[in-house]
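Residue numbers (our numbering): 112 to 209.
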């Protein structure tokens, strides 16, 4: 089911996320992620690639001994001048951890 995509996501965690993590010092820290999504035109549905990537990051953080405090997603519709493309969103995900 995951194939090469899961390998790419694992590499993303190892090569980009891990280098931004703060040391385990019992203090609260944040990890800010950004992901541009082409959302389906349907009004409802699950964005499996985004969901899988965030779940992999959360699992990897916990496997590395971090505690997840909270997760927040902040979608923003991308604009190009006066034209808004509602099918593309920049999703900022804020993970609070210690």
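Cβ coordinates follow ideal geometry from the N, Cα and C atoms, glycine included. Treat the numbers as computed from the prediction; the structure is a model and nothing was measured.
In the DSSP annotation of this structure, the continuous segment of the alpha helix (DSSP H) that includes residue 161 starts and ends at 159-174. Collapsing the DSSP output to three states places residue 126 in a helix.
Straight through space, the alpha carbons of residue 131 and residue 174 are spaced by roughly 16 Å.
In terms of Cβ geometry, residue 161 and residue 202 form a close pair [threshold 8 Å]. Within 10 angstroms of the beta-carbon of residue 135 lie fewer than 16 other beta-carbons, which makes it exposed.
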